[in-house]
Ligand SMILES: [Zn+2]
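Residue numbers (the UniProt record's numbering): 1 to 75.
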């Protein structure tokens, strides 16, 4: 569940930063905004931490991020 931030809503941030195509495969459909550093591990909604991905690449990237986080940061 995404948290509401002070001032700008997540929808506003997403509209501001969302590109026309997936940064990995170039797919222009079904796009979402990915946090490179997850909010839970100290990431922010700044543009350097955000990446436009299609749903498929997002799912894959989230999986890698979770595996990395659990292996390296949680112990
Ligand atoms: Zn993609």
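Even for Gly, the Cβ is constructed at its ideal location relative to N, Cα and C.
Item: Residue 36 Cβ short of 7 Å to ligand 1 heavy atom set; Value: no
Item: Whole-angstrom distance between residue 27 and residue 41, CA atom to CA atom; Value: 28 Å
Item: Beta-ladder partner(s) of residue 32, from DSSP; Value: 53
Item: Length of the line joining the Cα atoms of residue 1 and residue 9; Value: Low per-residue confidence applies at residue 1: pLDDT is 46, beneath 50, and the placement is therefore not dependable, though the value from the model is reported in the following sentence. Spanning the two alpha carbons is a distance of roughly 13 Å.
Item: Distance, residue 54 Cα to residue 29 Cα; Value: 7 Å
Item: Among 21, 69 and 56, nearest to residue 43 - alpha-carbon criterion; Value: 69
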